[in-house]
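Step one of this worksheet: look at the structure below.
Protein chains: 2
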Amino acid sequence: MTAPPSPSSRDKILDVAEARFAQRGYSGVGLRELAEAAELSKSSLFHHFPSKAALYCSVLDRVLQRLAARLAPAPGPQTTAAARLEILLDALLDVLAEQATTSRLLLRALFEDDDLPEEGLPEADAMNATLTGILAAVRGLIEQGVAEGSFRPVSPAHTLQSLIGITIYHFASGDFGEELLGQPIFSAAAVQERREEVKAFVRHGLLIRDA
Amino acid sequence: MTAPPSPSSRDKILDVAEARFAQRGYSGVGLRELAEAAELSKSSLFHHFPSKAALYCSVLDRVLQRLAARLAPAPGPQTTAAARLEILLDALLDVLAEQATTSRLLLRALFEDDDLPEEGLPEADAMNATLTGILAAVRGLIEQGVAEGSFRPVSPAHTLQSLIGITIYHFASGDFGEELLGQPIFSAAAVQERREEVKAFVRHGLLIRDA
DNA sequence: GTCTATAGTGAGATAGAC
DNA sequence: GTCTATCTCACTATAGAC
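Sequence order for the protein chains is A and B. Residue 4 in the working numbering sits at position 19 of the first sequence; the count goes up by one each step and never skips. Residue 12 in the working numbering sits at position 27 of the second sequence; the count goes up by one each step and never skips.
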């Protein structure tokens, strides 16, 4: 339970890889660059990770684990779906606003199918299992809302896609988003604006008017 | 005005480049692969485009031009914002559903800031100008709706981001989206579902209830 | 306008000493 | 666990013949 004051080499590699992969993607980052940023030789990377693809999956899995841990404390079906949705959105927006790398890596993981040359990596399976768990929870929430009659009779799958698009894409939009908003998207003011806009849009878009 | 029966080499390169770049991004595609798919030698690519970056920008610009051409016939401010929004969404969803490459390239263009090594390319400037025009039109529509009082008092910039996320991300989500929906996202049925879900979500999320 | 040949660089990955 | 040295291959780009 003692907290190590300096991160292990493995963690340091994961940190620099997360930053670089988030910005330029899997193919856009070379192991040489990662080794230099982690203050190691290229060969040492292969001691900690069997391949570049495995390292990338480990980075994605760590991001998903962080996300799952932050979304997990949300209340279960004994609470109304509307209340659960508010709490979920707040928690999700908190996580996305904290680290700029999160949204970009999530977006890449969701829409870049075959970015990885190899398949069947154990790291990839772990990553997919984590992702599946998160999605199942959110989908369950939507289904509860529809069943309760507090949500419009939406398609859970499509609504899940819409929520992903509204939340994750925005925080991944980088310079473009900043230019559109006229301020850095991770500034406290911009995050607060986004939170209110998203929650209002989703409330109006999803909830039955006079519940 | 005579339509050439077979595409020029330049168009053939653009076609294969569009498909490959959409799937694996700028860094993920090599010129060797493009040359083989276009049935040319690597060197011949450089006769038509000065560099890989310029080719990528040309691909993006062509996509944006197609998009702009399809969104342009929409009616101007003399029509109500609600009606204009319906027409815009229909046209946008039509374009996105027609070619799977469109949404992926648009998404990459919007969130991958510095994917390109070089800056100041004339092709990049043309691309940005086209994009700016499209966005200004949609933003104007939102501002009209708010000014008319038919839309909630939303932030135009944030609403624009939300619309991008809801429409473009979904059609870019590939295998993940297909698994979520349980059917190919470009099938006629899935496209029709998406259209109705998006339009309903946006109507409820944006319009004043009893206008 | 297309080709062959090649330059020059960097990629991912391995061997083996320490 | 980290290193140097090296392998093999692919990359973008150029030169110059046809």
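For every residue, glycine included, the Cβ atom is placed at its ideal position computed from N, Cα and C. These figures come from a predicted structure and were not determined experimentally.
Inter-residue CB distance, L120(A) and L145(A) (contact presumed, cutoff 8 Å): 7 Å
C-beta atoms of I153(B) and L95(B) nearer than 9 Å: yes
Entirely enclosed alpha helix (DSSP H) segments - the region 33 to 65 of chain B, minimum 4 residues: If we require 4 residues or more, the alpha helix (DSSP H) runs fully inside the region 33 to 65 of chain B come out as 37 to 56.
Interface residues of the region 137 to 165 of chain B facing chain A [CB-CB below 8 Å]: Against chain A - using a Cβ distance shorter than 8 Å - the residues of the region 137 to 165 of chain B are R137, V139, S140, A142, H143, T144, L145, Q146, S147, I149, G150, I151, T152, I153, Y154, H155, A157, S158, G159, D160, F161, G162 and L165.
Per-residue burial, R179(A) [other beta carbons within 10 Å of its own, 16 or more giving buried]: A buried status is given to R179(A), since no fewer than 16 other beta-carbon atoms sit within 10 Å of its beta-carbon.
Chain-ordered neighbours of H32(A) on chain B, where CB pairs are closer than 8 Å: None at all; the shortest Cβ gap to chain B is about 26 Å.
Proximal residues of chain B, C-beta to C-beta of G202(A) below 9 Å: This structure gives no information on residue 202(A), because the portion of chain A shown stretches from -14 to 196.
Opening and closing residue of the alpha helix (DSSP H) in which I149(B) lies: P141 to I149
Beta carbon proximity, F6(A) to chain B, threshold 9 Å: no
Per-residue DSSP class, three states only, for F136(A): strand
Coil, strand or helix - A196(B) by DSSP: Note that A196(B) has pLDDT 47, beneath the 50 cutoff, so the model's placement of it is unreliable and the number below is only indicative. Of the three classes helix, strand and coil, the one that applies to A196(B) here is coil, per DSSP.
Three-state secondary structure assigned by DSSP to Q129(B): In the structure shown, Q129(B) sits in a helix (DSSP, three-state: H, G or I).
Where the alpha helix (DSSP H) through V14(A) begins and ends: For V14(A), no alpha helix (DSSP H) segment is defined, and its DSSP state is neither H nor E.
Cβ of F186(B) within 9 Å of any chain A Cβ: yes
Chain A contacts made by the region 13 to 27 of chain B, where a contact means CB separation under 7 Å: G13
Any C-beta of chain B under 9 Å from that of E3(A): no
Closest residue to R51(B) among A109(B), S(-7)(B) and L91(B) (Cα-Cα distance): L91(B)
Rounded C-alpha distance that separates R188(A) from G118(B): 31 Å
Of the listed residues I170(B), A185(B) and R124(B), nearest to S140(B) (C-alpha basis): The shortest C-alpha separation from S140(B) is found at R124(B).
Cut-off 6 Å between Cβ atoms - residues of its own chain near A196(A), not counting five sequence neighbours on either side: Unreliable positioning characterises A196(A) in this predicted model, as indicated by a pLDDT of 47, which lies under 50. The coordinate reading is nonetheless provided below. Excluding sequence neighbours, A196(A) sits near S135.
Contacts around E3(B), its chain only, beta-carbon distance under 8 Å, and the 5 residues preceding and following it disregarded: V44, R47, V48, T86 and L90
Three or more C-beta pairs below 8 Å linking the region 15 to 33 of chain A and the region 17 to 26 of chain B: no
Residue range of the unbroken alpha helix (DSSP H) whose run includes G105(B): Looking at the DSSP string, G105(B) is not in any alpha helix (DSSP H), and its letter there is neither H nor E.
Sub-9 Å separation of S147(B) and I151(A) beta-carbons: The answer is yes: Cβ separation under 9 Å.
Contact with chain B by A196(A), beta-carbon distance below 9 Å: Residue confidence is low: A196(A) scores 47 on pLDDT, short of 50, so the model does not pin down where it sits. Its coordinate-derived value is still stated next. With 9 Å as the cut-off, A196(A) does not count as an interface residue toward chain B.
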